[in-house]
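Just so we're aligned, residue 13 is where the sequence shown starts under my numbering, counting upward by one.
For each residue, glycine too, the CB sits at the ideal point set by N, CA and C.
These numbers were taken from a predicted model, which means no experiment stands behind them.
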Amino acid sequence: QELAQALSNGLSMDLSELVCSHLPPRPLFFAGAVGGPACVFVLTPLRNAVALGAQDQRSSIMQIYRTVARTGGWTGGVSTIGPASVQSVAIGPLFHFSSNLLGSKFIAT
């Protein structure tokens, strides 16, 4: 709404002021930078256990987790940290920025 109003006024509002006024709070960036990759990394052993469990239906849960621990439970977790960081920092705050700027969460999606 504010963007449309600024455009109709011939961009009387400085574009940097418009952008800065709609940025999400800093804790949201921090949550994305730390929380997103941490969740991906912490859940990697579970993901590996589910993959093994789908292939080995005779073993118990404890046997599958022992196999995961023996073979390196975080295999695949380290390689996902980089992309998870970028995704978590960009997608969440970008959504909040867009929804604030456009005035609608529906349009922002």
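Report all residues from its chain with a CB closer than 6 Å to the CB of threonine 83; omit the five preceding and five following residues, and keep chain order.
So the list is empty, once near-sequence residues are dropped.
Going by the CB atoms, is the gap between phenylalanine 53 and isoleucine 93 shorter than 8 Å?
Their beta carbons are under 8 Å apart, which means isoleucine 93 touches phenylalanine 53 by this criterion.
Under a Cβ-count criterion, where at least 16 other Cβ atoms within 10 Å of its own Cβ denotes burial, should valine 101 be classed as buried or exposed?
Burial call: buried.
Please classify threonine 121 as buried or exposed, where buried requires at least 16 neighbouring CB atoms within 10 angstroms.
By the Cβ-count criterion, threonine 121 is exposed, with fewer than 16 other Cβ atoms from all chains shown falling within 10 Å of its own Cβ.
Can you name, in chain order, every residue of its own chain whose Cβ lies under 6 Å from the Cβ of proline 49, other than the five neighbours on each side?
Annotation for proline 49: Ile93, Ala96 and Ser97 place their beta carbon closer than 6 Å to its own, counting only its chain and skipping 5 residues before and after.
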